[in-house]
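*Asks:* Numbering (my numbering), first residue to last: 1257 to 1473.
Virtual Cβ for every residue (Gly too), placed ideally from N, Cα, C.
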């Protein structure tokens, strides 16, 4: 998969386009000219999220109502036009001019970023490693979001219920509801585990084939 062109409008200090070729592409220039902004734009175009901020609206240029990112991808002989429109409180995704859901959009441009912050995958808590693997799973199987999102929602609901039980004079009355949430967590958790282990096995297979290190454990 190649990104052959990216065009931006109203995105941070950028305006215009960049054409990319196969192999190594380098952005160079003076400080504060927008090199990292181009990398961020490519990352957002593929993942619909930024590696620099949790609020996409912060990427909209001053005095502009929205930011627009367009990209052209090439896989084999198939070319696709992907587009992401960022507004103050929303984002819209398009493939070949047609608006699409997140699960259909993701996977059309696989992008990873390696930065100092990403070293937390190695030295940080296990949650960071799980999130790193989850991002990889989503790039190969976008519908994984249909399992991961409900799982996170169930955890929030169960924690809220446990909080109410801890304040109640009769915590036992919450037992049946907690059991119901536990059943959903077990089912969704098993599916997530299978996705994660399957992804790691695929990574190990590629690493073994190319004789890189000793795989991932």
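Measuring only the C-alpha atoms, how far is residue 1415 from residue 1446?
*Replies:* In a straight line, the C-alpha of residue 1415 is about 19 Å away from that of residue 1446.
*Asks:* Mapping the DSSP letters down to three states, classify residue 1463 as helix, strand or coil.
*Replies:* Residue 1463: helix per DSSP, three-state reduction.
*Asks:* Given residue 1361, which residues of its chain have a CB within under 6 Å of its CB, disregarding the five upstream and five downstream residues?
*Replies:* Same-chain partners within the cutoff: 1349.
*Asks:* For residue 1379, which three-state DSSP category applies?
*Replies:* Three-state DSSP puts residue 1379 in a helix.
*Asks:* Please name the residue, chosen from 1307, 1312, 1342 and 1462, that lies closest to residue 1388 on a Cα-to-Cα basis.
*Replies:* Among 1307, 1312, 1342 and 1462, the Cα nearest to that of residue 1388 belongs to 1307.
*Asks:* Which class does residue 1271 belong to by DSSP, given the choice of helix, strand or coil?
*Replies:* Note: residue 1271 maps to strand in three-state DSSP.
*Asks:* Thinking C-beta only, is residue 1400 closer than 8 Å to residue 1451?
*Replies:* Yes. Within cutoff.
*Asks:* Excluding the 5 residues flanking residue 1367 on each side, which residues of the same chain have their C-beta closer than 7 Å to its C-beta?
*Replies:* Around residue 1367: 1298, 1299, 1302 and 1303.
*Asks:* Give the DSSP bridge partners of residue 1264, in chain order.
*Replies:* Answer is 1272 and 1325, bridged to residue 1264.
*Asks:* For the alpha helix (DSSP H) holding residue 1421, just list the boundary residues, first then last.
*Replies:* Start and end: 1401-1423.
*Asks:* Any idea if residue 1282 is buried or exposed, counting beta-carbon neighbours within 10 angstroms, 16 or more meaning buried?
*Replies:* So residue 1282 counts as exposed.
*Asks:* With 16 other CB atoms within 10 Å as the buried threshold, where does residue 1410 fall?
*Replies:* It counts as buried.
*Asks:* Which of helix, strand or coil does DSSP assign to residue 1294?
*Replies:* Helix.
*Asks:* Please go through the same chain and pick out, in chain order, the residues whose beta-carbon is closer than 7 Å to the beta-carbon of residue 1322, but skip the five residues on each side of it.
*Replies:* Same-chain partners within the cutoff: 1266, 1316, 1341, 1342 and 1343.
*Asks:* Check this for me: beta carbons of residue 1337 and residue 1328, under 8 Å apart or not?
*Replies:* In this structure, residue 1328 lies closer than 8 Å to residue 1337 by Cβ.
*Asks:* Rounded to whole angstroms, what's the CA-CA distance from residue 1408 to residue 1378? Just pull it up for me.
*Replies:* Using only the alpha carbons, I get a separation of about 23 Å.
*Asks:* Can you grab the Cα-Cα spacing for the pair residue 1386 / residue 1444, in whole Å?
*Replies:* About 15 Å.
*Asks:* What residues in its chain sit with their C-beta under 7 Å from that of residue 1404, if we drop five residues either side in the sequence?
*Replies:* 1390 and 1448, listed in sequence order.
*Asks:* Tell me the rounded alpha-carbon separation between residue 1335 and residue 1427.
*Replies:* Going by the C-alpha atoms only, they are around 58 Å apart.
*Asks:* Could you tell me the distance, in whole angstroms, from the CA atom of residue 1412 to the CA atom of residue 1437?
*Replies:* Their Cα atoms are separated by approximately 10 Å.
*Asks:* Measure the Cβ-Cβ separation of residue 1277 and residue 1264 and say whether it is below 8 Å.
*Replies:* Not a contact, by the Cβ cut-off of 8 Å.
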